[in-house]
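Chemist: Before I ask anything, here is the structure I am working with.
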Amino acid sequence: MSLITIVYLVIAAIVFLSVLYNLLTKEEKVVDKVACAMILVPLALRLLMIK
24 MSLITIVYLV IAAIVFLSVL YNLLTKEEKV VDKVACAMIL VPLALRLLMI K
């Protein structure tokens, strides 16, 4: 893996973890939780390197 790929994965992991933290602790409405989950799916696929 190249350096740019590693940097990309680190940034994606940070965003994934922050959205997951927001989903589990701060969001109270179901609509907001669904929105967070919709953001997490493509981020998880990117972290697993699935296109």
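First residue of the sequence shown: 24, per our numbering; consecutive thereafter. Using N, Cα and C, we set each Cβ at its ideal position, and we do this for glycine too.
1. Mind reading off the beta-carbon distance from Leu47 to Leu63? Whole number of angstroms is fine, and I expect it under 8 angstroms.
2. Flag this pair as yes or no: are the beta carbons of Leu32 and Leu70 separated by less than 8 angstroms?
3. Can you tell me where the alpha helix (DSSP H) with Leu40 in it begins and where it stops?
4. Do Val30 and Leu66 come within 8 angstroms of each other at the CB atom, strictly closer than that value?
5. Between the beta-carbon of Cys59 and the beta-carbon of Glu51, is there less than 8 angstroms?
Modeler: Concretely, from the data shown:
1. Your numbering for residue 47 matches position 24 in the sequence shown. Your numbering for residue 63 matches position 40 in the sequence shown. Not quite, the Cβ-Cβ distance comes to about 11 angstroms (not below 8 angstroms), so this is no contact.
2. Here residue 32 corresponds to residue number 9 of the sequence shown, with the count starting at 1. Here residue 70 corresponds to residue number 47 of the sequence shown, with the count starting at 1. Yes, the pair counts as a contact, with Cβ atoms nearer than the cut-off.
3. For the purposes of this step, residue 40 is taken as the residue at position 17 of the sequence shown. It spans Leu26 to Tyr44 - the alpha helix (DSSP H) in which Leu40 sits, taken as one unbroken run.
4. Locating residue 66 in the sequence shown gives position 43, where the first residue counts as 1. Locating residue 30 in the sequence shown gives position 7, where the first residue counts as 1. Contact: no.
5. The residue labelled residue 59 in the question sits at position 36 within the sequence shown. The residue labelled residue 51 in the question sits at position 28 within the sequence shown. In this structure, Glu51 does not lie closer than 8 angstroms to Cys59 by Cβ.
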